[in-house]
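Protein chains in written order, with the working numbering: chain W, 1 to 343; chain G, 344 to 686. Have a look at the structure below before the remarks.
There are 2 protein chains.
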Amino acid sequence: MSFEKEVTIYDIARELNLSASTISRALKGNTVINKTTRDRVVACSEKLGYRSNSFASNLRRKRTYTIGVIIPRLDSNFMSSCLAGMEEVANEKGYNMIISQSHESVKKEAENAKTMFDSRVDGVIASLTIEDSQLEYFNRFKDKKVPIVFFDRIPTQTNSVCVLIDNFQAAYQAAKHLIDQGCQHLIHLTIDSKSNVYVDRKAGFESGVKESGCLGEVMYLDSLSLESGSDAANKILKMSPLPDGIFVSNDLAAVGCMLELRAKGIKIPETISIIGFNNDPISMIVSPQLTTISYPGREAGILAANCLIDFLDGDREPSVSRRLLLETNLIVRESTNRKKIGN
Amino acid sequence: MSFEKEVTIYDIARELNLSASTISRALKGNTVINKTTRDRVVACSEKLGYRSNSFASNLRRKRTYTIGVIIPRLDSNFMSSCLAGMEEVANEKGYNMIISQSHESVKKEAENAKTMFDSRVDGVIASLTIEDSQLEYFNRFKDKKVPIVFFDRIPTQTNSVCVLIDNFQAAYQAAKHLIDQGCQHLIHLTIDSKSNVYVDRKAGFESGVKESGCLGEVMYLDSLSLESGSDAANKILKMSPLPDGIFVSNDLAAVGCMLELRAKGIKIPETISIIGFNNDPISMIVSPQLTTISYPGREAGILAANCLIDFLDGDREPSVSRRLLLETNLIVRESTNRKKIGN
DNA sequence: ATGAAAGCGCTAACAC
DNA sequence: GTGTTAGCGCTTTCAT
Numbered sequence: 001m002s003f004e005k006e007v008t009i010y011d012i013a014r015e016l017n018l019s020a021s022t023i024s025r026a027l028k029g030n031t032v033i034n035k036t037t038r039d040r041v042v043a044c045s046e047k048l049g050y051r052s053n054s055f056a057s058n059l060r061r062k063r064t065y066t067i068g069v070i071i072p073r074l075d076s077n078f079m080s081s082c083l084a085g086m087e088e089v090a091n092e093k094g095y096n097m098i099i100s101q102s103h104e105s106v107k108k109e110a111e112n113a114k115t116m117f118d119s120r121v122d123g124v125i126a127s128l129t130i131e132d133s134q135l136e137y138f139n140r141f142k143d144k145k146v147p148i149v150f151f152d153r154i155p156t157q158t159n160s161v162c163v164l165i166d167n168f169q170a171a172y173q174a175a176k177h178l179i180d181q182g183c184q185h186l187i188h189l190t191i192d193s194k195s196n197v198y199v200d201r202k203a204g205f206e207s208g209v210k211e212s213g214c215l216g217e218v219m220y221l222d223s224l225s226l227e228s229g230s231d232a233a234n235k236i237l238k239m240s241p242l243p244d245g246i247f248v249s250n251d252l253a254a255v256g257c258m259l260e261l262r263a264k265g266i267k268i269p270e271t272i273s274i275i276g277f278n279n280d281p282i283s284m285i286v287s288p289q290l291t292t293i294s295y296p297g298r299e300a301g302i303l304a305a306n307c308l309i310d311f312l313d314g315d316r317e318p319s320v321s322r323r324l325l326l327e328t329n330l331i332v333r334e335s336t337n338r339k340k341i342g343n
Numbered sequence: 344m345s346f347e348k349e350v351t352i353y354d355i356a357r358e359l360n361l362s363a364s365t366i367s368r369a370l371k372g373n374t375v376i377n378k379t380t381r382d383r384v385v386a387c388s389e390k391l392g393y394r395s396n397s398f399a400s401n402l403r404r405k406r407t408y409t410i411g412v413i414i415p416r417l418d419s420n421f422m423s424s425c426l427a428g429m430e431e432v433a434n435e436k437g438y439n440m441i442i443s444q445s446h447e448s449v450k451k452e453a454e455n456a457k458t459m460f461d462s463r464v465d466g467v468i469a470s471l472t473i474e475d476s477q478l479e480y481f482n483r484f485k486d487k488k489v490p491i492v493f494f495d496r497i498p499t500q501t502n503s504v505c506v507l508i509d510n511f512q513a514a515y516q517a518a519k520h521l522i523d524q525g526c527q528h529l530i531h532l533t534i535d536s537k538s539n540v541y542v543d544r545k546a547g548f549e550s551g552v553k554e555s556g557c558l559g560e561v562m563y564l565d566s567l568s569l570e571s572g573s574d575a576a577n578k579i580l581k582m583s584p585l586p587d588g589i590f591v592s593n594d595l596a597a598v599g600c601m602l603e604l605r606a607k608g609i610k611i612p613e614t615i616s617i618i619g620f621n622n623d624p625i626s627m628i629v630s631p632q633l634t635t636i637s638y639p640g641r642e643a644g645i646l647a648a649n650c651l652i653d654f655l656d657g658d659r660e661p662s663v664s665r666r667l668l669l670e671t672n673l674i675v676r677e678s679t680n681r682k683k684i685g686n
């Protein structure tokens, strides 16, 4: 890469017969410098095509104005909504965002954390893998006083700020809804993970089941994909007696399961009712429309980014609430609506 | 932010009685340094908790190992697939990626380009807005010899590398397919944009229509959303005679349109056949399943990132092909399958 | 209100 | 194979 000579503050200084320090101050609008001088400096910098060198500046100030985002996968509707929200905030407040995917691998997550650590991000926003994340990687950030905000999939133990939903409550509500619709024998389709998300949903489901005294079983999938959902449907079809209500931990797998059940002649919601999670657009598109729990991804992203940046910019005390819960809502659609409530 | 004292290569040098340059070389595995020395340096750096300071390094090397990505929106399935692909490549090759969304606004796009320019990204990957993008912002990069790779929505005139599909051909194929299925009166649902994507698809559609001598009209939507698709359906229903084939410029709008038509009693594909674009997962989930054109987003992202980085790393001559076309495929599903071809 | 000077941590000639 | 040296461009005391 051959660059043409870059314009520096020294070039401006020479041109204007001033010192570099004056230019530096003027350029950031320091009022200690004469208004007229400031204007001349700005005019000259534009004339010369000056652009500030953030490395030199960062090297001095020890700040990067960059936040690192570590997520399991980029390509889900939920995650891209979260990222879109974060980006809006970051962009508005003058921060850059660098993103890396762990692909659900603890090893990759650790590598990504190290990369971000080494590139000295000012703060981190992270959602963990479904595996048992090794938090030592994140502890490095703490040692260097780099704040972390976790969202969605958070560590078991942490005193970092966490942005998430009440998974227990949401799952409890899902189970209760199925029971309200007359279901007596529920299945919860999820993955075998120690992540709070799945642990809490399972607990909420079990609590709802227990409370009403009906049958409730948990079936673990390899992943929450369309295919896994479909495979699960075929396992369910071999059960005897058949369950009559299914709560799935995301919409994609729920749709996969529902379509397969339907293809095999099961009536939804009459024979088996089904409810997903996330309120992914597909839940509205699929037929029958899928009942689900709304999870406001964009808002989660905005909130997480705001928390982090407000802290970085010193707008907020570090002693704010450690857990920020977003509201979820049960969205009743055709796939559970036996009594034809609402539309 | 109060940082504890950072460990520098000087600390390691002092500890080991070597010079800073030796440390610097050893740390990057320069084989000119003794293997034993290298090992000692690495061991010591770990012991001391050293992390390299990329600003200092960048300041010297005038490289950032960061690529800027400018896209219209983050939260579509197509775009997150592209980004996921780019991230994989960037991560593997030691680059960071910073992302910003233009939200289809030329103004925002220009601001984002300026921000990236000022943060001295080594290269840029961009997909333009549907408005008439002002390329002067991008020209700045050229002036500084910062390479740009455009993908999907590319400028009319450019000698930058572009990664995209043959929109004309794909749309031509879509129209021909509808005609093959017996359609005689086609509508193309798209947006009124000067972007190559929509211009070429429209041209391809018109060419297919013209060639076969059937009727073909273009209807412009405000956006390619579910709602717009649904609105379009209601406009179409007022037409007399009704068209019998619809080609929509994305799957989301196609689904919106199809579901609304169906809700109003139209038989799909018998009365009206419909075909979308992108092969979004929703196209498989919706009922009837939507015929569409596959657009390999992840591959596009990988290819764009590889081109850019290979160039940055000097692996490739700047004189490679300017246009890289990805393959698309017509995926015939229920929404057009009047003759029950394939499955 | 402005300037001088030092230094952030690293790299790459150039020496030896 | 290793060391010396001179910056990269900026910010920030401390002077004046």
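Glycine residues also receive a C-beta, built at the ideal position from the N, C-alpha and C atoms.
Contacts that residue i makes with chain G (C-beta to C-beta distance below 8 Å)
| i | result |
| --- | --- |
| Asp118 (chain W) | Arg394, Ser395, Ser397 |
Cβ-Cβ distance between residue i and residue j below 8 Å
| i | j | result |
| --- | --- | --- |
| Leu221 (chain W) | Ser228 (chain W) | yes |
| Ala203 (chain W) | Phe168 (chain W) | yes |
| Cys557 (chain G) | Phe494 (chain G) | no |
| Val248 (chain W) | Leu226 (chain W) | no |
| Phe55 (chain W) | Phe398 (chain G) | yes |
| Leu303 (chain W) | Leu330 (chain W) | no |
| Ile70 (chain W) | Glu109 (chain W) | yes |
| Ile611 (chain G) | Gly588 (chain G) | no |
| Leu417 (chain G) | Glu87 (chain W) | yes |
| Ile618 (chain G) | Ser566 (chain G) | no |
Length of the line joining the Cα atoms of residue i and residue j
| i | j | result |
| --- | --- | --- |
| Met1 (chain W) | Lys62 (chain W) | Confidence at Met1 (chain W) is low in this model, with a pLDDT of 33, below 50, so its placement is unreliable and the value that follows should be read with caution. Cα to Cα, Met1 (chain W) sits roughly 27 Å from Lys62 (chain W). |
| Thr634 (chain G) | Glu677 (chain G) | 7 Å |
| Ile410 (chain G) | Ser193 (chain W) | 35 Å |
| Lys578 (chain G) | Val332 (chain W) | 30 Å |
| Asn396 (chain G) | Gln500 (chain G) | 40 Å |
| Met284 (chain W) | Leu604 (chain G) | 16 Å |
| Thr407 (chain G) | Asn401 (chain G) | 6 Å |
| Pro243 (chain W) | Ala171 (chain W) | 18 Å |
| Asn30 (chain W) | Lys93 (chain W) | 20 Å |
| Glu474 (chain G) | Asp574 (chain G) | 22 Å |
| Leu391 (chain G) | Val385 (chain G) | 10 Å |
| Pro72 (chain W) | Ser19 (chain W) | 49 Å |
| Asp623 (chain G) | Gly314 (chain W) | 42 Å |
Helix, strand or coil at residue i [DSSP, three-state]
| i | result |
| --- | --- |
| Phe481 (chain G) | helix |
| Ser80 (chain W) | helix |
| Phe277 (chain W) | coil |
| Leu325 (chain W) | strand |
| Asn96 (chain W) | strand |
| Tyr10 (chain W) | helix |
| Gly49 (chain W) | coil |
| Met239 (chain W) | coil |
| Ile530 (chain G) | strand |
| Leu655 (chain G) | helix |
| Val384 (chain G) | helix |
Proximal chain G residues relative to residue i, where beta-carbon distance stays under 7 Å
| i | result |
| --- | --- |
| Asn91 (chain W) | Ser443 |
| Glu87 (chain W) | Leu417, Ile442, Ser443, Gln444 |
| Asn96 (chain W) | Ile441, Ser462 |
| Ser80 (chain W) | Leu417, Asp418, Ser423 |
Neighbouring residues, chain G, relative to residue i (Cβ below 9 Å)
| i | result |
| --- | --- |
| Val286 (chain W) | Ile625, Ile628, Val629, Ser630 |
| Asp231 (chain W) | Ordered by position in chain G, no residue passes the 9 Å Cβ test against Asp231 (chain W), which lies about 16 Å from the chain. |
Contact with chain G by residue i, beta-carbon distance below 8 Å
| i | result |
| --- | --- |
| Leu83 (chain W) | yes |
| Ser45 (chain W) | no |
| Asn139 (chain W) | no |
Residue i at chain W interface by Cβ criterion, 8 Å
| i | result |
| --- | --- |
| Ser678 (chain G) | no |
| Leu532 (chain G) | no |
| Leu558 (chain G) | no |
| Phe346 (chain G) | For Phe346 (chain G), the predicted structure reports a pLDDT of 39, less than 50, and the residue's modelled location is therefore unreliable. A value from the coordinates is still provided. Cβ-Cβ to chain W under 8 Å: yes for Phe346 (chain G). |
Neighbouring residues, chain W, relative to residue i (Cβ below 7 Å)
| i | result |
| --- | --- |
| Val598 (chain G) | Ile285 |
Under 9 Å by beta carbon: chain W residues contacting residue i
| i | result |
| --- | --- |
| Leu673 (chain G) | Within 9 Å Cβ-Cβ: nothing; Leu673 (chain G) doesn't reach chain W, min ~21 Å. |
Chain-ordered neighbours of residue i on chain W, where CB pairs are closer than 8 Å
| i | result |
| --- | --- |
| Leu402 (chain G) | Asn53, Phe55, Ala56, Leu59 |
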